[in-house]
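Numbering (the numbering used here), first residue to last: -15 to 822.
By construction, the Cβ of each residue, glycine as well, lies at the ideal position given by its N, Cα and C atoms.
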Amino acid sequence: WLKGQGFSIAALATVMIDNPMCPATGHRICNDCMKACIYQKQEPVNIPQVETRVLFDVLQLPWGVEIYDLLTRWNPLRQTQFLPAKYNGTKVLVMGMGPAGFTMAHHLLMEGFAVVGVDGLKLEPLDTALFEKPIRDFNTLVESLDHRVMAGFGGVAEYGITVRWDKNFLKLIYISLLRRPYFQAFGSVRFGGTLTVDDVWQLGFDHLVLAVGAGLPRELRIENSLAPGMRQANDFLMALQLTGAAKRSSMANLQVRLPAVVIGGGLTGVDTATEVQAYYITQVEKTLWRYETLIAYSDESSVRGAFDEASLAILDEFLAHGRLVREERALADREGREPNFIRLIREWGGVTIVYRRRMQESPAYRRNHEELAKALEEGIYYAEGLEPKRVMLDHTGYVSALACETRVLDEEGNWRAVDDENILPAKAIFVATGAQPNVAYEYEHAGTFARQKKSYARYQLENKALAPVTNDAHVKSDELGVFTSYERDHHRVSFIGDTHPVFHGSVVKAIASAKRSYPKIVESLTVSQPDDYQAFADAMNYRFRSKVVAIKRHHDRLLELTVQSPMSAQNFRPGQFYRIQNYETLARRVHDTRLQTEALALLGICKKDSDQISFMVYEDGASSRLVSTFKVGDPLSVMGPTGAKSRIPEDGSQTILVIGSVYAVPYLLSMAPALKAAGNRIVFVATFDNEMDFYCRDELEALCDTVLLAQGDFIASLKNTDFPVAEINRVIAIGSSGLIREVRDSAELRALIADQVEYEASVYGPMQCMLKGVCAQCLQWQIDPVTGQRTKAVYACSWQHQPMQKIDVGNIDERLGQNRSQEILSNLWLDYLFQEHI
-15 WLKGQGFSIA ALATVMIDNP MCPATGHRIC NDCMKACIYQ KQEPVNIPQV ETRVLFDVLQ
45 LPWGVEIYDL LTRWNPLRQT QFLPAKYNGT KVLVMGMGPA GFTMAHHLLM EGFAVVGVDG
105 LKLEPLDTAL FEKPIRDFNT LVESLDHRVM AGFGGVAEYG ITVRWDKNFL KLIYISLLRR
165 PYFQAFGSVR FGGTLTVDDV WQLGFDHLVL AVGAGLPREL RIENSLAPGM RQANDFLMAL
225 QLTGAAKRSS MANLQVRLPA VVIGGGLTGV DTATEVQAYY ITQVEKTLWR YETLIAYSDE
285 SSVRGAFDEA SLAILDEFLA HGRLVREERA LADREGREPN FIRLIREWGG VTIVYRRRMQ
345 ESPAYRRNHE ELAKALEEGI YYAEGLEPKR VMLDHTGYVS ALACETRVLD EEGNWRAVDD
405 ENILPAKAIF VATGAQPNVA YEYEHAGTFA RQKKSYARYQ LENKALAPVT NDAHVKSDEL
465 GVFTSYERDH HRVSFIGDTH PVFHGSVVKA IASAKRSYPK IVESLTVSQP DDYQAFADAM
525 NYRFRSKVVA IKRHHDRLLE LTVQSPMSAQ NFRPGQFYRI QNYETLARRV HDTRLQTEAL
585 ALLGICKKDS DQISFMVYED GASSRLVSTF KVGDPLSVMG PTGAKSRIPE DGSQTILVIG
645 SVYAVPYLLS MAPALKAAGN RIVFVATFDN EMDFYCRDEL EALCDTVLLA QGDFIASLKN
705 TDFPVAEINR VIAIGSSGLI REVRDSAELR ALIADQVEYE ASVYGPMQCM LKGVCAQCLQ
765 WQIDPVTGQR TKAVYACSWQ HQPMQKIDVG NIDERLGQNR SQEILSNLWL DYLFQEHI
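Okay, structure coming up:
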């Protein structure tokens, strides 16, 4: 009504009474209010679109950004929080800067608390002028959704939701929070690695809020699952949205082929299907542009000679499709119309959503049928009543089809299988079969939080003490149970958003969880005396920021990178690794290419009580080679430690044989000091082909009992040493799948060493988020040692060194081959940039 009368600011102020974070809701995000609408019998009022229109119209006014920002902090229509309270000295850490986390941060700031928001994702730095100076024109903030910097802020709203929603609104919220004098935000902080619960209190916080979202996407246990071409939908969406793979300037590798099949009936599946279509066009155009640039610079035969047979076939497929896209664009220009890519995509097989029931029963239809309708309008196919049974492969081992069991609805309304098998052609398969609340911390630090089924147990405050809540609550229940079981020295931990079973499942529920929970958190806290906040803020800046302090080249393909990263160094344990990335906003741009790395998984080498960590970077791909462009003093994203800490026998009972080359060296530099301090013995067989490549040899000879150089035959080296190899009772292979096979299958090795021996090996497959069960790129199959049959898929970023007999070694190669054609092209492109432009 207010909007209809022309009172746009009044309308926005009314919207923001209950929803100050309205930029994160509204059109194409949620429609719960439409489903509840009783104003009309057939077509509900489109309240989300109305709210978004109200916000957008105000933002288009001169100083519209400032009007919104003012209303977040001053709104006379609110009964509470109409003005920010004065700083009260109490500090809260919010773990997770998704919709639940940033909404909680807002409410606590309004109550007078100091808030530090941290997130496992990399948070790109913003131009300080955006939060230090007023902004007259909202359009100066707006970036094309195809070219915007992936800031990382917003959690699932950033990486899990497609560009159907204007993500420039996330920047608006980010700026609004950063303008608050008692708020700080830091990225690359893993809960359970970089930061533990005990660390939170030691840093001076009074309360911890967990807003870490959902996790553990479920693998599909069917034949040939996770073969090249098959991946989790979360993996695809995160790679697409956070690496900027769709940008012409990006060096990220994300290989997708058509036809594609998406398994799952939820909104994640719908988002994945629409994004695959959009990304495929961008991918083939970028591939064609880079290929034609390369063959103009070099001869075509040398470019093509870099590809193996299977990768070359995929390249040619992309090139053919890229030329057709170019022709369609040219034709559309001549005819004065928009290009019709749907026709092309369907000619190439299209994208099909496969669901085991009817569309009307799917979570996507029940939650937001509009998105499903939009997807069908964009040419997405939908196959009902199909249950995936096996993945079919072509002669190269790449996925070629999905075989499904056909299911029908009988007269009693039950689904039953029939004999018909439905074969869907598929060169790409995406699994979107759901996730669950993220309770990874409890797996890593058992006994911290009580669990109830698959989530943390819910507690509420009664008479200043925690009491369990066991009711079947919903989002409007009085007894929600927003606290975990944790209660030590008057410190408590709450949980909200997708981590909470009541609010799990949507952005609007996550935002509602913060609104419903913050009064209970405020009630539980005793207000402190205001202190020297600036000293606290400076300490946080020092602890949570990282920068390059040294780069040293050991040989022509290996660098040592040393960074200062105090919080990441503090919790390091031998054998763990880190996720390293540079910042997109700070990376150089050369010949329309941003020199931004993908996430690199690197073993850490850290001395006790040091705030520095060293990494050995083997330059075998475009991202690792880009490390050479880093400069001393550059800010860097360092997330970790992550992975499992390696077992150190404290009784000195083990004689350990480590076999490997380039990746074994950092493993030993990380592990050997602790192993030797506990009295264990170490034999290192270095399998370098060239003695000149054996780096850090002096350091390793000082750390190990015996170091042997085996140029091709590690058995011969063991036979020719004076060391009593028969006493070896633990064998660790660090390196390629070929090395692991050789060690695993060596009867001669078993004959040389003790009878009872533990065998371990590295599982260094592809990794992306490295947050232990969020993106699922690192999923690797394990097998039964006796039958050889696959048993379960494990997150290799949680367990990077596994019992050798359980490793499906072939699956490591399969997973590493997901993006091979793209990776080869990126390496050639970087060669070209280094030779011509850098």
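Can you tell me which of the options puts its alpha carbon nearest to the alpha carbon of residue i?
i, options, result
"residue 403", "392, 320, 168, 412", "392"
"residue 270", "93, 577, 631", "577"
"residue 588", "554, 654, 528, 540", "654"
"residue 667", "682, 645, 691", "691"
"residue 541", "484, 585, 604", "604"
"residue 363", "347, 397, 371, 325", "325"
"residue 136", "102, 418, 189", "102"
"residue 472", "158, 809, 182, 3", "182"
"residue 333", "257, 344, 274, 312", "257"
"residue 16", "7, 29, 5, 4", "29"
"residue 214", "152, 121, 374, 285", "374"
"residue 827", "672, 737, 599, 719", "The structure shown does not extend to residue 827, since the chain is modelled only from -15 through 822, so no value can be given for it."
"residue 678", "663, 699, 649", "649"
"residue 206", "562, -5, 788, 389", "389"
"residue 820", "282, 263, 131", "282"
"residue 327", "261, 658, 248", "261"
Locate the alpha helix (DSSP H) running through residue i, then write down its first and last residues.
i, result
"residue 142", "140 to 143"
"residue 17", "16 to 19"
"residue 502", "491 to 508"
"residue 766", "First-last for residue 766: 763 to 767, but that is the beta strand (DSSP E), not the alpha helix (DSSP H)."
"residue 742", "Where residue 742 is concerned, there is no enclosing alpha helix (DSSP H), although the beta strand (DSSP E) it sits in stretches over 742 to 746."
"residue 794", "793 to 800"
"residue 222", "217 to 227"
"residue 527", "517 to 528"
"residue 205", "It is not in any alpha helix (DSSP H) - residue 205 carries neither H nor E in the DSSP assignment."
"residue 250", "Per DSSP, residue 250 belongs to no alpha helix (DSSP H) and is neither H nor E."
"residue 85", "83 to 94"
Taking Cβ positions, are residue i and residue j nearer each other than 8 Å?
i, j, result
"residue 581", "residue 610", "yes"
"residue 643", "residue 735", "no"
"residue 246", "residue 414", "yes"
"residue 502", "residue 88", "yes"
"residue 230", "residue 335", "no"
"residue 798", "residue 381", "yes"
"residue 490", "residue 14", "yes"
"residue 110", "residue 162", "yes"
"residue 628", "residue 783", "yes"
"residue 123", "residue 514", "no"
"residue 197", "residue 352", "no"
"residue 723", "residue 687", "no"
"residue 242", "residue 223", "no"
"residue 701", "residue 622", "no"
With residue i as the anchor, note down where its beta strand (DSSP E) starts and where it stops.
i, result
"residue 597", "596 to 602"
"residue 406", "399 to 409"
"residue 472", "467 to 472"
"residue 452", "449 to 452"
"residue 66", "Residue 66 -> no beta strand (DSSP E), and no H or E assigned at all."
"residue 189", "Unbroken run through residue 189: none, as it is neither H nor E."
"residue 625", "621 to 626"
"residue 335", "335 to 338"
"residue 295", "Not the beta strand (DSSP E): residue 295 falls in the alpha helix (DSSP H), residues 293 to 319."
"residue 373", "370 to 377"
"residue 774", "774 to 779"
"residue 79", "75 to 79"
Mind reading off the beta-carbon distance from residue i to residue j? Whole number of angstroms is fine, and I expect it under 8 Å.
i, j, result
"residue 405", "residue 387", "6 Å"
"residue 340", "residue 369", "7 Å"
"residue 459", "residue 493", "6 Å"
"residue 763", "residue 259", "With a Cβ gap of about 20 Å, residue 763 and residue 259 do not count as contacting."
inquiry  = Does the region 292 to 308 come into contact with the region 358 to 374, if we say contact requires no fewer than three beta-carbon pairs (one atom in each stretch) closer than 8 Å?
reply    = no
query = Any contact of the region 105 to 119 with the region 512 to 524, i.e. 3+ C-beta pairs under 8 Å?
reply = no
query = With a cut-off of 8 Å, do at least 3 Cβ pairs link the region 583 to 601 to the region 789 to 798?
reply = no
query = Below 8 Å, can you find three or more Cβ-Cβ pairs linking the region 459 to 466 to the region 59 to 68?
reply = no
ask   = Three or more beta-carbon pairs under 8 Å between the region 715 to 730 and the region 767 to 784, yes or no?
value = no
message = Would you call the region 286 to 305 in contact with the region 797 to 812, where contact means no fewer than 3 C-beta pairs closer than 8 Å?
response = yes
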